[in-house]
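Which chain is which? The protein sequence lines are A and B, in order. Using the working numbering, read the first sequence as starting at 32 and increasing by one per residue. Using the working numbering, read the second sequence as starting at 22 and increasing by one per residue. Virtual Cβ for every residue (Gly too), placed ideally from N, Cα, C. Given the structure is predicted, the values throughout are model-derived calculations rather than measurements. Written out below as structure tokens is the structure these notes cover.
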Amino acid sequence: MNVSRMVVLSLCFIVAPSSWGTVYLQWSNPAIPPASSLGVSDIVVLWDGAAPGALLASARKQGYRVYLEAPLKDSEAAAKACAKAACTGIVLNIPESEDSEAVKPLSRLRSTYPKLRFLRLNSNGKQPEMRGSVVIKRDAVLEVSSPTAQPWIDTNLALMRVDQRAHTSEVPLYTFSWADQAQQGTLTADDYSLAVAEADAFHADLVLRVDEHLQQRLNAQDRDAWALWNQVRLMLKFSPDANAAALQPAANVAVVFDQLDAGDEVLNLLGRHNIPYKVFLAADLKSQDLKPFDIVIVLAKPDAESAERIRSLAAGGDTVVVVDAHGKYPWQSSEPEHVNEHTTSYTVGSGKVLELSEPVTDPETFAQDIRRLLGKSNTMLSLWNGLTTIAVPYKDRTGTMRLLELVNYAGEPVRIQVQVKGSFSKVRYETPEGGCCQSLEPVKHDGFTEFVIPELRISGRLHLDAQ
Amino acid sequence: MRFDRPLSAALLFVLFVSSTTQSSENQHLVYKKKYVMGTVFEIAAYSESPEKASAAIDKAMEEIVRIDDLMSNYKPESALSRLNHSAHFQAQKVPSDLYRAIERAVQFSRLSGGKFDITVAPLVNLWKSALSNGMMPTPEQRRQAQDCVGYEKIELSPPDQITFHSSCMQVDLGAIGKGYAIDRAGDILRSSGIKDAFLNSGGSTILAIGAPPGQTGWLVHLRDPSHRIDPYVLLKDESVSTSEQTASSLLGHESAGHIVDPVTGKPVETKFAVSVVTPLDMPSDGLSTTLLLLGPNAGKALINNMTNVSAIWISPEAEMETAMKGAKILFSGKS
Numbered sequence: 032m033n034v035s036r037m038v039v040l041s042l043c044f045i046v047a048p049s050s051w052g053t054v055y056l057q058w059s060n061p062a063i064p065p066a067s068s069l070g071v072s073d074i075v076v077l078w079d080g081a082a083p084g085a086l087l088a089s090a091r092k093q094g095y096r097v098y099l100e101a102p103l104k105d106s107e108a109a110a111k112a113c114a115k116a117a118c119t120g121i122v123l124n125i126p127e128s129e130d131s132e133a134v135k136p137l138s139r140l141r142s143t144y145p146k147l148r149f150l151r152l153n154s155n156g157k158q159p160e161m162r163g164s165v166v167i168k169r170d171a172v173l174e175v176s177s178p179t180a181q182p183w184i185d186t187n188l189a190l191m192r193v194d195q196r197a198h199t200s201e202v203p204l205y206t207f208s209w210a211d212q213a214q215q216g217t218l219t220a221d222d223y224s225l226a227v228a229e230a231d232a233f234h235a236d237l238v239l240r241v242d243e244h245l246q247q248r249l250n251a252q253d254r255d256a257w258a259l260w261n262q263v264r265l266m267l268k269f270s271p272d273a274n275a276a277a278l279q280p281a282a283n284v285a286v287v288f289d290q291l292d293a294g295d296e297v298l299n300l301l302g303r304h305n306i307p308y309k310v311f312l313a314a315d316l317k318s319q320d321l322k323p324f325d326i327v328i329v330l331a332k333p334d335a336e337s338a339e340r341i342r343s344l345a346a347g348g349d350t351v352v353v354v355d356a357h358g359k360y361p362w363q364s365s366e367p368e369h370v371n372e373h374t375t376s377y378t379v380g381s382g383k384v385l386e387l388s389e390p391v392t393d394p395e396t397f398a399q400d401i402r403r404l405l406g407k408s409n410t411m412l413s414l415w416n417g418l419t420t421i422a423v424p425y426k427d428r429t430g431t432m433r434l435l436e437l438v439n440y441a442g443e444p445v446r447i448q449v450q451v452k453g454s455f456s457k458v459r460y461e462t463p464e465g466g467c468c469q470s471l472e473p474v475k476h477d478g479f480t481e482f483v484i485p486e487l488r489i490s491g492r493l494h495l496d497a498q
Numbered sequence: 022m023r024f025d026r027p028l029s030a031a032l033l034f035v036l037f038v039s040s041t042t043q044s045s046e047n048q049h050l051v052y053k054k055k056y057v058m059g060t061v062f063e064i065a066a067y068s069e070s071p072e073k074a075s076a077a078i079d080k081a082m083e084e085i086v087r088i089d090d091l092m093s094n095y096k097p098e099s100a101l102s103r104l105n106h107s108a109h110f111q112a113q114k115v116p117s118d119l120y121r122a123i124e125r126a127v128q129f130s131r132l133s134g135g136k137f138d139i140t141v142a143p144l145v146n147l148w149k150s151a152l153s154n155g156m157m158p159t160p161e162q163r164r165q166a167q168d169c170v171g172y173e174k175i176e177l178s179p180p181d182q183i184t185f186h187s188s189c190m191q192v193d194l195g196a197i198g199k200g201y202a203i204d205r206a207g208d209i210l211r212s213s214g215i216k217d218a219f220l221n222s223g224g225s226t227i228l229a230i231g232a233p234p235g236q237t238g239w240l241v242h243l244r245d246p247s248h249r250i251d252p253y254v255l256l257k258d259e260s261v262s263t264s265e266q267t268a269s270s271l272l273g274h275e276s277a278g279h280i281v282d283p284v285t286g287k288p289v290e291t292k293f294a295v296s297v298v299t300p301l302d303m304p305s306d307g308l309s310t311t312l313l314l315l316g317p318n319a320g321k322a323l324i325n326n327m328t329n330v331s332a333i334w335i336s337p338e339a340e341m342e343t344a345m346k347g348a349k350i351l352f353s354g355k356s
């Protein structure tokens, strides 16, 4: 998608607040428990050709801010109904293919309904979970592909990083559909809690679909249902640190695309290996300063100007990995070193350009390669016993890492050893279960700080203090 | 095209996970997973009573955790860690499960002429450490590490005593621990009255008890680095294990695979992935590592001297070798 169109589109929305971590419950049952009981203030109701009047009335009475979720084609009608029903706003479910088409209608809606909030929903999320390799088919026959070396994690980190690039002025808002289990009412408190924890850790907002069985049981005052929800409430209460609003995701790897693709496995595997990255478009090579990044991965075909910027980045000391971009480029005037059958290295100034002659066919190995390329001195973050944990670092304006958000997808508490780049005297650990904060013993050496997290269940937050 | 193990596992199929499903024969399928030993253990079991299946799976998972507590070398209080700390030149009494696991491993060492060896950790660590610092181990370093390696320096004194006849010996059960845990979990399921169940330890070892209702076996697709052959088996009262050396770097880094040949002192260089199918009374996990280390020629000779065992080696270029003395390996090749 055209960058300028994306920027214009982003401006068409009322700019979201700078905080994140809002959970919007998607609700369908005509009755709903009070907002104070569910522990959320915002609910989303699906537009189905008409506003569900009974639910809207019930929800407002129970203390909720109500949003209507509608596709772009129904946005006008939904906004009209929303204004009439005194609801708070519209959650627009806009597929990526319709992003550019949304610019004009949204601009019109915004001026027509200035009191309504318009939120853009990314519905391409996936249920966060740790997966095995067993596949249960509908006829209940099992298959398995073998072998798998380590747990596979379904995470929405790549989706969020791509969304943040596509819509730079907004806090991402996303949702996902539950797998088949929702039909049978078997979702657990951990399933919901993991979804909430993930959105919070990625500094995003979430539309959380509440299983209809659970809605019914909550309305019926079912004890087990409320026991489940009270566990979820613990996670909902684990609100973002207000001081973190000024923090930005920290990353030392840049990934450059021709077209944004949240499904790209390179992003997925970089995330799973806890290599912090930021997503760019090829046009950004010309307009943005990528020098702060230690490694730039170019998954785009560079034009002449971009190629010159790549050469310049390498000359300044960066390592640039150019993937499957056959052609003549300025760095090729250096002496080539054939590293293996797929890779040629060019030393340029104090850095280098590595040309990979084929697409990344093995993203797992590629991610490990990137970690090795970073080397010990540039590794921002290392986790031991963290195979099921995604860690997301955040930095302040000076570039110092201040916060580390952790999500464990295993459903089992894990003890994790962490090493972060930088020298920190105080490390405080905050969890939904333990509150804020437990002091951890930092050990500083060679510009790094190490400490042990005694137990990470689903969500944890580390506050790093250099003082 | 080359695709890595976890990725192929995740992308090849659409997941229809349901924790309970009712089949046409009034048998309920219960499925659970748990993160233990650094991987995902999965158990699926059929029963007329989902509660019974669920309780049996819970007990089986508890057994896996118990085995991990015994055999982990990451846990300083595990029986294995204590053994590694204090069995040098003096007999150490160990829990029966640990004794049996080490005894099983030593049998594979003998079978493979020392290619499979649970004492190889010093060499593995040497390679990892050297390469992470951008160097290769020197011959002297390799010789020193090899001095610490050798299954024949493990003395087993029935019923439960073990002595290491080397001052620097360390046992690592990474190659067989998950398989041992799966076997024990299978025993728990059977003793709980479960007749049809499927146990998977992160894909590396799979154990099948009975078969799904109305089926002749549990369908298991085997590792195929070429993505062109798609071998599969229908497992019934059998297990399958797969071994493969760590993929080499795309960007040309020196990378030590996780499987080191104790005889040469170097990471084994093989492009093959190997899967081996054995009956339930013969553990498949140590055998798959052994077959990887031996390679197809010596491996096939070994299989041909065994009964009811089948194996397949496949390279990324779709080179394939098989030895079928047991379960039939079938193919649904894509080209």
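Keeping to the same chain, check which residues put their C-beta closer than 8 Å to that of T311 of chain B; ignore five residues upstream and five downstream. F129, L132, S133, K136, F137, G320, L323
Using DSSP with H/G/I as helix, E/B as strand and the rest coil, what is E129 of chain A? Helix.
List, in order along the chain, the chain A residues whose C-beta lies closer than 8 Å to that of V297 of chain B? Neighbours of V297 of chain B on chain A: none; closest Cβ ~11 Å, over 8 Å.
For G59 of chain B, decide whether its Cβ has a neighbour in chain A, counting only Cβ atoms nearer than 9 Å. yes
Please classify K322 of chain A as buried or exposed, where buried requires at least 16 neighbouring CB atoms within 10 angstroms. exposed
Contact set between the segment 226-240 of chain A and chain B, restricted to residues whose Cβ is under 9 Å from the partner: If the cut-off is 9 Å between Cβ atoms, the segment 226-240 of chain A has nothing near chain B.
Endpoints, beta strand (DSSP E) assigned at V370 of chain A: Annotation: V370 of chain A is outside any beta strand (DSSP E) and is labelled neither H nor E by DSSP.
Tell me whether F219 of chain B sits in a helix, a strand or coil according to DSSP, three-state version. Note: F219 of chain B maps to strand in three-state DSSP.
Could you check what DSSP says for Y205 of chain A in three-state terms: helix, strand or coil? strand
Using the three-state DSSP reduction, which class does D245 of chain B fall into: helix, strand or coil? Coil.
Would you please verify whether the beta carbon of F62 of chain B is less than 9 Å from any beta carbon of chain A? It does: the Cβ of F62 of chain B has a partner Cβ on chain A nearer than 9 Å.
Assumed close pair L435 of chain A, L495 of chain A - CB separation to whole angstroms, cut-off 8 Å: 7 Å
Opening and closing residue of the beta strand (DSSP E) in which D185 of chain A lies: 183-185
Can you confirm whether T179 of chain A, when its beta carbon is compared against all beta carbons of chain B, has any partner nearer than 9 Å? The predicted model places T179 of chain A with a pLDDT of 49, which falls under 50 and marks its position as unreliable, so this point remains unresolved.
Take T179 of chain A and list the residues in its own chain whose beta-carbon comes closer than 7 Å to its own, dropping the five residues that flank it on each side. Residue confidence for T179 of chain A is low, a pLDDT of 49 falling below 50, so the modelled location carries little weight and cannot support an answer.
Inter-residue Cα distance where the pair is K54 of chain B and V61 of chain B: 6 Å
Between which two residues does the alpha helix (DSSP H) carrying A65 of chain B extend? Counting along the chain, A65 of chain B falls outside any alpha helix (DSSP H), though it belongs to the beta strand (DSSP E) covering 60-68.
Name the chain B residues whose beta carbon is nearer than 7 Å to that of T396 of chain A? D25, A268, S270, L271
With 9 Å as the threshold, decide whether the Cβ of S153 of chain B is near any Cβ in chain A. yes
Determine the burial state of G156 of chain A: buried for a count of at least 16 other Cβ atoms within 10 Å of its Cβ, exposed for fewer. buried
In whole angstroms, what separates the C-alpha of V451 of chain A from that of P463 of chain A? Taking the straight line joining both Cα atoms gives about 23 Å.
Is A218 of chain B close to the ligand NAD? I mean its beta-carbon at under 8 Å from any heavy atom of the ligand. By its list of ligands, the structure shown contains no ligand whatsoever, and the ligand NAD lies outside what it can speak to.
Within 9 Å, strictly: CB atoms of T263 of chain B and L243 of chain B: Yes, the Cβ-Cβ distance between T263 of chain B and L243 of chain B is below 9 Å.
Go ahead and label Q158 of chain A buried or exposed: buried means 16 or more other beta carbons lie within 10 angstroms of its beta carbon, across all protein chains shown. buried
Going by beta-carbon coordinates alone, are P64 of chain A and N250 of chain A separated by less than 9 Å? yes
Listing by chain order, which chain B residues have their CB less than 7 Å from the CB of H373 of chain A? L271
Are the beta-carbon atoms belonging to Q290 of chain A and L316 of chain A less than 9 Å from one another? no
Within 9 Å, strictly: CB atoms of V295 of chain B and A348 of chain B: no
Mapping DSSP to helix, strand and coil, what is V145 of chain B? helix
Using CA coordinates, which residue listed in B:M58, B:L50, B:M345, B:F352 is at the minimum distance from Y201 of chain B? B:M58
Pair within 9 Å by beta-carbon distance, V227 of chain A and L239 of chain A: yes
So L330 of chain A is in the beta strand (DSSP E); what residue range does that whole segment cover? 326-330
Boundaries (first-last residue) of the beta strand (DSSP E) holding C468 of chain A: 466-471
Contacts that E243 of chain A makes with chain B (C-beta to C-beta distance below 8 Å): Simply none; closest approach about 17 Å.
Of all the alpha helix (DSSP H) runs that stay within the bounds of the segment 266-335 of chain B, which reach a length of 4 or more residues? 306-325
Sequence ranges, alpha helix (DSSP H) only - wholly within the segment 311-360 of chain A, length at least 4: Counting only runs of 4+ residues, the alpha helix (DSSP H) found wholly inside the segment 311-360 of chain A occupies 315-318, 335-346, in chain order.
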